[in-house]
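*Asks:* Just so we're aligned, residue 103 is where the sequence shown starts under this note's numbering, counting upward by one.
Got a structure for you, written out below as structure tokens; questions coming shortly.
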Amino acid sequence: MKAISPMIAVVLLIAFTVGVGGLISIFATGLLTTQTRVSGNQTEALTLCGGAWINVYSVTNASISYLNPNSQTLTGVVIVYTNGNTQTATDQTLSPGESGVTSPANGTIPAPLHSPNTSIIVRGLCQTLVTVEGKCTNTQACWDV
Numbered sequence: 103m104k105a106i107s108p109m110i111a112v113v114l115l116i117a118f119t120v121g122v123g124g125l126i127s128i129f130a131t132g133l134l135t136t137q138t139r140v141s142g143n144q145t146e147a148l149t150l151c152g153g154a155w156i157n158v159y160s161v162t163n164a165s166i167s168y169l170n171p172n173s174q175t176l177t178g179v180v181i182v183y184t185n186g187n188t189q190t191a192t193d194q195t196l197s198p199g200e201s202g203v204t205s206p207a208n209g210t211i212p213a214p215l216h217s218p219n220t221s222i223i224v225r226g227l228c229q230t231l232v233t234v235e236g237k238c239t240n241t242q243a244c245w246d247v
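Below, the structure written as structure tokens:
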């Protein structure tokens, strides 16, 4: 049985190396394109939502009133109480300039606002990526409990 010549072995080794390099190049190009697209979307969202906030302008025992003063729509609005354990998901979308009110049917907000709560945070998503929030504490004019 005859072995292959060293020259043919070198040519085959080079061809194999070039083939593997080509496959790695195709994979890397696809990966970088995807990562660049995702990064671009996040950068755009951060740019559009920069400085966004929620204005919590009234907190009483019966309701929490808030406003989206931004130029972007906010989704998934959630009310977070001081104790951090109580959240009220409003499933609300606030268009630019739109107000929202959380007011339970029985006239009281869960986890009484007067104690132990000392603040309310209203949180939402801008461009479905950037969390924005507003806060009212018991030392501010918005707190009327």
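Backbone N, C-alpha and C fix where the C-beta goes; we use that ideal spot for every residue, glycine too.
Keeping to the same chain, check which residues put their C-beta closer than 8 Å to that of T192; ignore five residues upstream and five downstream.
*Replies:* Around T192: V179, V180, I181, G202 and T204.
*Asks:* Hey, how far is the Cα of Q174 from the Cα of V161?
*Replies:* Rounded to whole angstroms, Q174 to V161 spans 24 Å at the Cα level.
*Asks:* Would you kindly report the start and end of the unbroken beta strand (DSSP E) that includes S201?
*Replies:* Its beta strand (DSSP E) spans residues S201 to T204.
*Asks:* Assign A154 to one of two classes, buried (16 or more other C-beta atoms within 10 Å of its C-beta) or exposed (fewer than that).
*Replies:* Classification of A154: buried, given that the 10 Å Cβ count is 16 or more.
*Asks:* Measure the alpha-carbon distance for L114 versus G123 and round it to whole angstroms.
*Replies:* Taking the straight line joining both Cα atoms gives about 14 Å.
*Asks:* Are G226 and L176 touching if we call contact CB-CB under 7 Å?
*Replies:* Against a cut-off of 7 Å, the Cβ pair of L176 and G226 comes out as a contact.
*Asks:* Note the first and the last residue of the continuous beta strand (DSSP E) segment covering T82.
*Replies:* Lying outside 103 to 247, the shown extent of the chain, residue 82 is not represented and no answer is given.
*Asks:* Out of S165, C151 and I116, which one is the CA nearest neighbour of N172?
*Replies:* For N172, the nearest C-alpha among the options comes from C151.
*Asks:* Give the DSSP bridge partners of K237, in chain order.
*Replies:* DSSP, once it has assigned bridges, lists I223 as partnering K237.
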